[in-house]
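Encoded as structure tokens, the structure appears first; notes follow it.
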Amino acid sequence: MTAPLDTSLDSALKAAPESWLAPRTVVTGMLLTVLALVPAYAGLTGRIFVMIFFTRVLIQALGAVSLNLIMGYGGMVSFGHAAYLGIGGYAVGILAKEGIASGFVQWPVAIAVSALFALGVGALSLRTRGVYFIMITLAFAQMIYYVTIGLDRYGGDDGLTIYRRSQFGGLIDLENKMLFYYLCFALLIAAVYLVARLINSRFGLAIRGARSNDRRMLAIGYPTFRYKLVCFVIAGALCGLAGALLANHTNFISPALMHWTRSGDLIVMVVLGGLGSLFGPVIGAATFLLLEEGLSRLTEYPDLILGPVLLLVAVYVNGGIEGLLEGRRRG
Amino acid sequence: MADPLLQIEGLSKRFGGVVAADAITLDIPAGEFHAVIGPNGAGKTTLIGLLAGEIAPQEGTVRFDGSDITGLPVHRRSMLGIARSFQITSLFPDFTALDNVALAVQAHCGHSFRFWRDARHDEELRKPARAAIERVGLVQCAGVRVDRLSHGEHRQLEIAIALAAKPRLLLLDEPMAGMGPEESAQMVRILRQLKGNITILLIEHDMETVFALADRITVLVYGRIIACGHPAAVRADPAVRQAYLGEKHGGGHG
Numbered sequence: 076m077t078a079p080l081d082t083s084l085d086s087a088l089k090a091a092p093e094s095w096l097a098p099r100t101v102v103t104g105m106l107l108t109v110l111a112l113v114p115a116y117a118g119l120t121g122r123i124f125v126m127i128f129f130t131r132v133l134i135q136a137l138g139a140v141s142l143n144l145i146m147g148y149g150g151m152v153s154f155g156h157a158a159y160l161g162i163g164g165y166a167v168g169i170l171a172k173e174g175i176a177s178g179f180v181q182w183p184v185a186i187a188v189s190a191l192f193a194l195g196v197g198a199l200s201l202r203t204r205g206v207y208f209i210m211i212t213l214a215f216a217q218m219i220y221y222v223t224i225g226l227d228r229y230g231g232d233d234g235l236t237i238y239r240r241s242q243f244g245g246l247i248d249l250e251n252k253m254l255f256y257y258l259c260f261a262l263l264i265a266a267v268y269l270v271a272r273l274i275n276s277r278f279g280l281a282i283r284g285a286r287s288n289d290r291r292m293l294a295i296g297y298p299t300f301r302y303k304l305v306c307f308v309i310a311g312a313l314c315g316l317a318g319a320l321l322a323n324h325t326n327f328i329s330p331a332l333m334h335w336t337r338s339g340d341l342i343v344m345v346v347l348g349g350l351g352s353l354f355g356p357v358i359g360a361a362t363f364l365l366l367e368e369g370l371s372r373l374t375e376y377p378d379l380i381l382g383p384v385l386l387l388v389a390v391y392v393n394g395g396i397e398g399l400l401e402g403r404r405r406g
Numbered sequence: 300m301a302d303p304l305l306q307i308e309g310l311s312k313r314f315g316g317v318v319a320a321d322a323i324t325l326d327i328p329a330g331e332f333h334a335v336i337g338p339n340g341a342g343k344t345t346l347i348g349l350l351a352g353e354i355a356p357q358e359g360t361v362r363f364d365g366s367d368i369t370g371l372p373v374h375r376r377s378m379l380g381i382a383r384s385f386q387i388t389s390l391f392p393d394f395t396a397l398d399n400v401a402l403a404v405q406a407h408c409g410h411s412f413r414f415w416r417d418a419r420h421d422e423e424l425r426k427p428a429r430a431a432i433e434r435v436g437l438v439q440c441a442g443v444r445v446d447r448l449s450h451g452e453h454r455q456l457e458i459a460i461a462l463a464a465k466p467r468l469l470l471l472d473e474p475m476a477g478m479g480p481e482e483s484a485q486m487v488r489i490l491r492q493l494k495g496n497i498t499i500l501l502i503e504h505d506m507e508t509v510f511a512l513a514d515r516i517t518v519l520v521y522g523r524i525i526a527c528g529h530p531a532a533v534r535a536d537p538a539v540r541q542a543y544l545g546e547k548h549g550g551g552h553g
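The following block contains the structure:
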């Protein structure tokens with residue numbers, strides 16, 4: 076009885092095998108192809124600014140992927156996620172200013188400090204729920220925002236120029252914009268793969284279970300706090316890496332990077348692309364930044380159009396753009 | 300002589316002025332099928348909360364398998380082998396039925412700080428999960444998302460999740476609440492099958508089931524035990540007839 080049962084169960088559990096021509100697969104494939112070809116396009120047409128713009132898309136997407144891990148899969152709505160972009164960025168900037176240009180030092184420090192900050196924020200905020208959680212994460216982000224404003228040695232309010240990008244001892248030259256672009260691209264893909272592994276591992280299922288029904292998770296024996304905290308730290312570390320990339324991209328960092336509206340942007344990207352979908356944050360980041368860029372060329376008040384668009388997506392589309400591609404509407 | 304599996308002594312809990320548990324003292328030996336009945340508001344669900352560790356008592360102790368567990372948090376008690384089902388269905392609605400049960404199995408297979416391997420194809424989890432699903436007769440729904448299952452199936456899944464933890468003590472909070480006759484009959488079959496294999500503490504409004512299945516019955520009124528004994532003795536107890544059974548025909552249990 077067990078053998079036939081196994082096969083029927085497993086086929087049923089594969090949740091309607093997805094066709095390669097499903098809209099979401101096609102769109103994701105197209106987006107990745109476009110992203111992969113951006114440098115070639117920029118090189119052929121001489122429009123380097125396109126590549127620079129998409130470098131920013133890749134980095135913001137990495138931040139959004141990390142936020143999606145805790146928000147989409149863990150149900151932890153962090154309203155202070157831009158803090159990690161800032162911490163990662165400042166780690167690079169401060170070390171550069173102090174004469175430590177090696178990326179082998181800068182990047183691990185950026186990741187480690189972000190992780191540590193996440194540990195502190197998570198240890199406190201994860202004891203609360205819902206709107207309190209949101210407020211505490213916001214409060215911590217504001218705190219670090221004002222701390223950087225007070226850092227006179229590192230530019231304070233005006234920010235800090237980074238004169239030399241992170242050095243990797245001849246391994247890769249980040250001054251080369253195309254190489255840097257592909258490094259960001261590779262790291263983004265690696266991050267999505269990491270999240271894909273995580274969310275289907277035992278750890279991931281524990282996290283998703285806690286989002287789905289925390290009380291029941293406790294009743295069946297999970298100390299959910301620990302798992303959520305570790306997840307929170309992983310996401311913080313990942314976003315710290317995005318911050319290190321961002322600092323190298325712009326050669327400049329300032330507190331503005333951590334303004335609460337930047338945290339809001341990250342949330343919007345995740346929701347727009349599709350909460351709890353693997354490539355959703357990438358689609359969301361690209362859509363958001365393209366809209367923002369395009370609209371700011373058309374009008375002086377891009378937010379007047381962007382705002383209602385986001386509102387419509389939030390109200391009418393369940394699961395963001397990914398959900399739309401799957402034909403999911405809010406019923 | 301072996302100690303009873305569960306020893307409750309002088310357990311009290313007040314919510315403001317309401318006494319939900321009033322110096323409850325009760326021993327449940329291993330293997331017993333013990334039912335707790337009582338009118339609405341008698342403190343039955345509070346008792347389960349106290350035993351599961353969700354509610355902290357003001358007085359009294361709970362001992363499980365000889366050791367004091369009064370101060371232990373919910374997840375630690377679960378690890379010791381105390382599992383519960385919820386009166387109001389409490390599942391993982393966006394998971395499949397089998398995933399729901401596998402999650403319960405996973406909780407008892409060591410820690411979950413395993414970040415890489417695909418847990419959905421892990422036979423260490425899937426096999427016991429399938430066994431528990433079979434035990435409650437839900438095989439045909441294993442791959443279905445839980446929010447698409449019926450109420451009766453949800454109740455069965457509740458039991459499967461509790462069973463997946465391989466509990467030594469099963470706390471069942473009105474497993475038949477809101478069920479139709481056919482679903483109830485199925486649930487009675489499941490309970491009958493469990494009887495004797497696992498120590499069970501059952502809260503149930505359905506008198507027929509209680510008197511048919513229970514080895515012993517405790518009657519709770521306003522948080523106090525007014526009677527405890529074999530079904531026949533409880534049925535004959537005048538205090539019980541007055542306090543509880545007399546009401547049976549009066550009010551339907553919504």
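Heads up: the sequence lines are chains G and E, in that order. To convert, note that position 25 of the first sequence is 100 in our numbering; the numbers rise steadily by one, no gaps. To convert, note that position 243 of the second sequence is 542 in our numbering; the numbers rise steadily by one, no gaps. Note that beta-carbon positions come from the ideal geometry of N, C-alpha and C, so glycine has one too.
The contact set of G/Asn143 on chain E, defined by CB atoms closer than 8 Å, is empty, because the minimum CB distance reaches about 16 Å. Any Cβ of chain G closer than 8 Å to the Cβ of E/Ile502 would place that residue at the interface, and such an atom is absent. Taking a cut-off of 8 Å for Cβ pairs, the stretch 186 to 204 of chain G and the stretch 310 to 320 of chain G touch, as three or more such pairs fall below it. The residues Val346, Leu347, Gly348, Gly349, Leu350, Gly355, Gly359, Val388, in chain order, have a CB closer than 7 Å to that of G/Gly395 in the same chain once the five nearest residues on each side in sequence are set aside. Only residues of its own chain outside the window of five on either side were considered, and among them Val270, Ala310 have a CB closer than 6 Å to the CB of G/Leu144, listed in chain order. For G/Ala294, the chain E residues whose C-beta falls within less than 7 Å of its own C-beta are Ala351, Val373, Ser377, Arg383, listed in chain order. Under the DSSP assignment, G/Gly355 falls in the alpha helix (DSSP H) whose first and last residues are 355 to 373.
Interface flag for G/Val346 against chain E is unset, since no Cβ pair is found closer than 8 Å.
Residue pairing for G/Leu381: DSSP places it in no beta bridge.
Using a CB distance cut-off of 8 Å, G/Tyr238 does not count as an interface residue toward chain E.
Proximity of chain E to G/Tyr297 at the Cβ level (cut-off 8 Å) is accounted for by His374, Ala406, Ser411, in chain order. With contacts defined by Cβ atoms closer than 8 Å, G/Leu332 and G/Gly161 form a contacting pair. For E/Phe510, the nearest beta carbon of chain G is not closer than 8 Å to its own beta carbon.
Contact with chain G is absent for E/Leu325, since none of that chain's Cβ atoms lies less than 8 Å from the residue's Cβ. Restricting attention to alpha helix (DSSP H) runs no shorter than 4 residues, the stretch 418 to 478 of chain E encloses them at 422 to 434, 450 to 463, ordered along the chain. Assigned with DSSP and collapsed to three states, E/Ser366 falls in strand. When the alpha-carbon of E/Ile499 is set against those of E/Ala484, E/Asp536, E/Pro530, E/Ala461, the nearest one is in E/Ala461. Proximity to G/Asp233 across G/Gln242, G/Tyr220, G/Arg239, G/Gly244 peaks at G/Tyr220, based on C-alpha coordinates.
Any Cβ of chain G closer than 8 Å to the Cβ of E/Ala476 would place that residue at the interface, and such an atom is absent. For the C-beta of G/Gly150, not a single chain E residue is nearer than 9 Å; the gap to the nearest is close to 11 Å. Per DSSP, the continuous alpha helix (DSSP H) segment holding G/Gly398 begins and ends at 395 to 400. Listed as beta-bridge partners of E/Ile499 by DSSP are E/Phe332, E/Leu469. For E/Asp505, no Cβ of chain G is located within less than 8 Å of the residue's own Cβ.
The C-beta of E/Leu346 comes no closer than 8 Å to any C-beta of chain G. Judged by DSSP in its simplified three-state form, E/Ser389 adopts coil rather than helix or strand. Within chain G, Ser287 have C-beta atoms less than 7 Å from the C-beta of E/Pro392, given in sequence order. Residue range 277 to 294 is occupied by the alpha helix (DSSP H) that includes G/Ser287.
For E/Arg416, a Cβ of chain G is located within less than 8 Å of the residue's own Cβ. When Cβ pairs closer than 8 Å are counted between the two stretches, the stretch 442 to 454 of chain E is seen to touch the stretch 472 to 483 of chain E, the count reaching three or more. In the DSSP assignment, E/Gln306 falls within the unbroken beta strand (DSSP E) covering 305 to 314.
Proximity to G/Ile295 across E/Arg447, E/Leu304, E/Val404 peaks at E/Val404, based on C-alpha coordinates.
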